[in-house]
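> For our numbering, count along the sequence shown from 1 and bump the result up by 18. Here it is, the structure in full.
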Amino acid sequence: MKFTDGYWQLRPGVDLLRPRDVEDIVREGDDLLAYAPTARIDSRGDTLNQPLITIRLTSPVPDVIGVRISHHLGAVDPGPHFALARAEHDVVVELPEAPGKGPATYTSGRLTARVATEGPWRMELVSDDGRVLTTSTHHSVGILSTPDGRFVREQLTMGVNETIYGLGERFGTFAKNGQSVDIWNEDGGTASEQAYKNVPFYLSDAGYGLFVAHPEHVSFEIGTEVVSRSQFSVAGSELQYYVVYGATPKEILERYTALTGRPARVPAWSYGLWLSTSFTTSYDEQTVTSFVSGMAERDLPLSVFHFDCFWMRQFHWSDFLWDPAMFPDPQGMLTRLKARGLRICVWINPYIAQRSYLFEEGRALGYLVRRADGSVWQWDKWQAGMALVDFTNPAAVAWYQGKLKALLDDGVDCFKTDFGERIPTDVVWHDGSDPQRMHNYYTQLYNKVVFELLETERGEGDAVLFARSATAGGQQFPVHWGGDCESTFVAMAESLRGGLSLGMSGFGFWSHDIGGFEGTPDPAVFKRWVAFGLLSSHSRLHGSNSYRVPWAFDDEAVDVTRAFTRLKMRLMPYLAGLGEEASTTGVPVMRAMALEFPGDRGVAGLGSQYMLGDALLVAPVFSAGQDTTVYLPQGRWTHLLTGEVVAGSGWRQEKHGFDSLPLYVRPGTVLPIGADETGPESAWADGVTLRLFELPDGYDAVTSVLGGTGAAASFRVVRTGSQVTVTSQDAVAGWSVALGALGEPVASAAGEVTLAIGTHP
C-alpha cells in the first residue's frame, strides 16, 4: 500500500507519525526496548499529548532478530499466528551509559541490531563481519492514519545492486525490485499479480531475509514507494517482522525454515510420473484403464494415477463418494489399479456443496463456518450453495478426517488438496479467530489437517499432498503445484518463475501441470514442457478439458516422455539425496541460479533456468524451434545427454530438438546414476554408477547414496594428479565409476576403483 504522493507529500487524508529521538532504551529479560516519541522532547511539557512508539527487539532462534513496532498495545489479538520455533540461545544486549552516549546493540548469533540513541531514529542490521545489511532510518517507521484506517509501516534500505526474491509463488518478473506485492491468497491463475501461495518473506542477495509475521494482508512496496527502500505495512497498531541472517542465500533459507518449519520427507514413489484424468474430461474405469494400459504398452513408466474432480458426482463436491454411474465398483477398481503397482491420488477441497449429504450433517453439528447471525456462510461460486469446513473446530477436523480415512481404507494413497484461497472475511470462526487473518491462514489449517491424517495412517515419510494454496509454514506439507496456467510457452515460463520464487520462500518441493492446464497444448508445447516437467522435483500430466496422455499429441511426444521419464528414474539416487537435503536444511530441490551462484552477477534476477540441486543446470526451451540460450557460470560444464564439454562463463546460443535441452553438469561433481529406469522405488545404491565431472586435483569428498528399498552406501572419491580412486566400505551390488557423461563405467573390485584421467573417455 502506498501512502505518499511522490517523495515530499502524503496522499490526501493520510497523517503520519514517526519516531524522532530515542527517549529511553532498556533491557527487559532477553529483549531490548526502545521508546521513541514522535517529536523532540526538550522539556517535561513536551511529553504531554505526545504519541510514543515502542520498538521491541527479540530473538526466537540464533541469527534471527525480531522487531516489533507498536503504537497502542491494548488491541484484542484473537489470532491466528504463524507457529514459529523457539530455541534457547544466548543474546548479547549492550546499552550505553545513558541515551545519547552511543548506540545500543542487540546480538543474536552472527546478527546485530545497532540502535542509535542520539539524533534521529536509526537502526542498522549488521553481520558479524561488520557489514551493514540494511537500515531502518528516520524516514522508515511510520504510524499512518488513512481514510481506510490505521496502518504501521517499515522501510528498510536497499543497496545499488541489491536484488529481492521470494514473496511466495509469483509469476511475474523473478526479481521483485520495482514491484508492489499484496500478500493475499487468490484463485487468480498464473497470468496476473495474484497468487495462490502468498508468503510474507523475501530473500535479499545483500545477505538477509525479511519475514513479516502477519497472516493477514501484508502490503510490500519493493522500491516502488521509495526507490531506495523496501516497504511493508499492515493494518492496525503493531507490526512484527524478523530479519534473518545468512552468509549465503542457502544459509538464509536454512535459518528461515528453522523458524517457520522444514518440508516433511516425501515418499520415493512420489518422484515418479503422475497421470491425471484431467478436469472436465469424460472418464470412467474403462477410460482410466485404457490410459494405464496405454502407458504400459508404450513402455512409459507410471507411478501415480490421479482422479480429478469428477470422481465425485457433479454438484456434490465435496461428499467423498464415488460417482456410481461412472465408478460402480470403486474398491474393486482401486484394487485392480494398485495391482499394477500404482499409487492412487484423488482430488478434494475444503468446500461442502449444498447438495452434498455432508452439508446438512456439517450444519447440524456446527462444523461449517457461520456468519455473525449464526447462519451458515454460503455462496454459489464453484459449487451451488457452497459452505466451508471450519478447521478451527477440533470436532470438525476429526469429522473431516474421518471422511478421508474411509478413502484411505479403500486404497487411496494421497490427496490433491485443491483450493483454499476463496476464504470469506465476513464470518465468525469457532475459535474466535480474526477473519482477516484467517483468509490467508486457512490453507495452513486445511493442508495440515490432511497431511497429518496421511502421516497417521501411512506413517511419516510416506505422506504427500498435491496442494495449490499455501502461506508461510506451508512448506511443511509438501508437495505444492503451480496452479492453473495456460497451455503456452509463455505460461510455461511464468510457471517456472513461480516455482523458483516459491523455492526462494522456503518451499522445498514443487510441481506444475505438464503441458499447461487451460486449453490443449500443441505438440511442441507439450514436448518442451515434458522435458521441464520431468526435470522438476515432482512431475504430473494434467489438464482441464483435454487429456494429457502423450499419444494424444504425436508419436514423438511418446518418445520424449519415455526418454525423460527414464532419465528421471535413473537420477533417483541423486534426487532422493536432494529431497533429504530439503527436509533437513530447507534448501529446495529446484534452485534459482542466484541460490547456487550468489557471487555471479550474471545470474541476478535470472528466472528462465535453474539448478536441479547443486549439480545439474536445466534451461527449458520455450519455443518450438531449436534455437535457445543458456547462461553458464564459470568453469567447464558437461552436457549430461551428449557429453560435450563447454566453458563458462556467459551466455551460449545452442540448438536442441525436442529430445534435448541445455542440461549441464557442474564441474567438480560426482553424480550418482541409478541402474533402474522403470520406477522411483528401487535399491538406489545397487548397480549405481558414479560419474565424475571435472574433479579438481586434490578433490577428496564423500558421496552418499540413500538406500531406497535397499541399503545405503557412501563412496570416498579422491583425485591425486592424474589418478582418481573411489572406495566404499559398504556391501552394495555392482557399483561402478565412469569419467564424464558418456564414459564407459569401470566396475568395482573389492570395494575400490582407480581411474587414470586421460585414458578413459
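The C-beta atom is built at its ideal place from N, Cα and C for all residues, glycine as well.
#1: Leaving out five residues before and five after arginine 86 in sequence, what residues of the same chain have Cβ atoms less than 6 Å from its Cβ?
#2: Would you report the Cα separation of valine 688 and phenylalanine 711, rounded to the nearest angstrom?
#3: Could you spell out where the alpha helix (DSSP H) holding lysine 421 opens and where it closes?
#4: My assumption, with CB atoms under 8 Å, is that glycine 403 sits in contact with alanine 371. Please give the rounded CB distance.
#5: Please classify glutamine 304 as buried or exposed, where buried requires at least 16 neighbouring CB atoms within 10 angstroms.
#6: Where serine 554 and alanine 759 are concerned, what is the direct C-alpha to C-alpha distance, given to the nearest angstrom?
#7: When you compare the CB positions of valine 109 and aspartate 48, do they come within less than 8 Å of one another, or not?
#8: Given this structure, state the Cα-to-Cα distance separating alanine 549 from serine 678, to the nearest angstrom.
#9: How is the beta strand (DSSP E) around histidine 657 delimited, first residue to last?
#10: Hey, is the segment 589-598 in contact with the segment 501-515, meaning 3+ C-beta pairs nearer than 8 Å?
#11: Counting pairs of Cβ atoms below 8 Å between the segment 55-67 and the segment 163-175, do you hit three or more?
#12: Using a Cβ cut-off of 8 Å (strictly closer), state whether glycine 420 contacts chain D.
#13: Measuring CA to CA, which of Gly479, Thr579, Asp645 and Val576 is closest to threonine 602?
#14: Given this structure, state the Cα-to-Cα distance separating proline 698 from alanine 390, to the nearest angstrom.
#15: Is glutamine 212 helix, strand or coil by DSSP?
#16: Counting only runs that start and end within the segment 548-610, where is the beta strand (DSSP E) found for 3 or more residues in a row?
#17: Please determine, among Thr646, Arg684, Thr656 and Leu658, the residue with the shortest C-alpha to C-alpha distance to lysine 673.
#18: What residue from Gly643, Trp669 and Ala642 has the CA that sits closest to tryptophan 655's CA?
#19: Does glutamine 258 come out as helix, strand or coil in the three-state DSSP assignment?
#20: Does the beta-carbon distance from leucine 17 to methionine 510 come in below 8 Å?
#21: Considering only the alpha carbon of each residue, which of Val446, Cys327, Gly350 and Arg373 lies closest to glycine 384?
#22: With a CB to CB cut of under 6 Å and the five nearest residues on each side skipped, what residues in its chain are close to proline 138?
#23: Tell whether a beta-carbon distance below 8 Å holds between glycine 705 and glycine 675.
#24: With a cut-off of 8 Å, do at least 3 Cβ pairs link the segment 75-95 to the segment 30-50?
#25: Skipping 5 residues on each side, what residues in its chain have a beta carbon closer than 8 Å to that of aspartate 572?
#26: The beta strand (DSSP E) spanning valine 44 covers which residue range?
#27: Buried or exposed: lysine 399, going by 16 or more other Cβ atoms within 10 Å of its Cβ?
#28: Which word fits phenylalanine 192, buried or exposed, when buried means at least 16 other C-beta atoms lie within 10 angstroms of its C-beta?
#29: From glutamine 197 to isoleucine 240, what distance separates their C-alpha atoms?
#30: Would you mind giving the Cβ-Cβ distance between valine 9 and alanine 405, rounded to the nearest angstrom? I have them listed as a contact below 8 Å.
#31: Measuring alpha carbon to alpha carbon, tell me which residue in Arg388, Leu426, His99 and Val322 is nearest aspartate 408.
#32: Rank Arg316, Arg373 and Leu471 by C-alpha distance to the C-alpha of tryptophan 569 and give the top, closest one.
#33: Which of helix, strand or coil does DSSP assign to lysine 434?
#34: Have a look at Met456, Glu378 and Val364 and flag the residue whose alpha-carbon is nearest the alpha-carbon of aspartate 428.
#35: Where does phenylalanine 377 sit, in a helix, a strand or coil, going by DSSP?
#36: Which first and last residues belong to the beta strand (DSSP E) in which glutamine 68 is found?
The answer reads as follows:
#1: So the qualifying residues of the chain are Arg74 and Gln258.
#2: Cα to Cα, the separation comes out at about 6 Å.
#3: For lysine 421, the enclosing alpha helix (DSSP H) has its first and last residue at 412-428.
#4: Right, the Cβ-Cβ distance comes to about 6 Å (below 8 Å), so this counts as a contact.
#5: Classification for glutamine 304: exposed.
#6: Here the alpha carbon of serine 554 sits roughly 20 Å from the alpha carbon of alanine 759.
#7: Pairing valine 109 with aspartate 48 gives a Cβ-Cβ distance under 8 Å.
#8: When rounded, the distance between both Cα atoms is 8 Å.
#9: Looking at the DSSP string, the run of the beta strand (DSSP E) that includes histidine 657 is 654-657.
#10: Verdict: no, contact absent.
#11: Using a Cβ-Cβ distance cut-off of 8 Å, the segment 55-67 and the segment 163-175 are not in contact, since fewer than three pairs of beta carbons, one from each stretch, lie closer than that value.
#12: In the structure shown, chain D cannot be found, because there is only a single protein chain.
#13: Nearest C-alpha to threonine 602: Gly479.
#14: If I take the Cα positions, the gap works out to 51 Å.
#15: Reduced to three states, the DSSP call for glutamine 212 is coil.
#16: Within the segment 548-610, the runs of beta strand (DSSP E) at least 3 residues long that lie entirely inside it are, in chain order, 557-559 and 608-610.
#17: Ranking Thr646, Arg684, Thr656 and Leu658 by Cα distance to lysine 673 puts Thr646 first.
#18: The shortest C-alpha separation from tryptophan 655 is found at Trp669.
#19: If DSSP states are grouped into helix, strand and coil, glutamine 258 belongs with the strands.
#20: Residue numbering for the chain in the displayed model covers 19 to 779; residue 17 lies beyond these limits and cannot be assessed.
#21: Considering only alpha carbons, the answer is Val446.
#22: If we look at proline 138 and ignore the five residues flanking it on each side, its Cβ neighbours are His156.
#23: By the CB criterion at 8 Å, glycine 705 and glycine 675 fall outside the cutoff.
#24: With a cut-off of 8 Å, the segment 30-50 and the segment 75-95 count as touching, because enough Cβ pairs lie within range.
#25: Around aspartate 572: Pro541.
#26: Membership of valine 44 in the beta strand (DSSP E) is indicated by the continuous run 42-46.
#27: The residue in question, lysine 399, is exposed, as its Cβ has fewer than 16 Cβ neighbours within 10 Å.
#28: Flag for phenylalanine 192 reads buried.
#29: Here the C-alpha atom of glutamine 197 lies approximately 5 Å from the C-alpha atom of isoleucine 240.
#30: Since the displayed the chain opens at 19 and closes at 779, residue 9 lies outside it and no answer follows.
#31: When only C-alpha atoms are compared, the closest one is Arg388.
#32: Out of Arg316, Arg373 and Leu471, Arg316 has the C-alpha closest to the C-alpha of tryptophan 569.
#33: In the structure shown, the three-state DSSP call for lysine 434 is strand.
#34: Comparing Cα-Cα distances from aspartate 428 to each of Met456, Glu378 and Val364, the minimum goes to Val364.
#35: Of the three classes helix, strand and coil, the one that applies to phenylalanine 377 here is helix, per DSSP.
#36: DSSP places glutamine 68 outside any beta strand (DSSP E), giving it a letter other than H or E.
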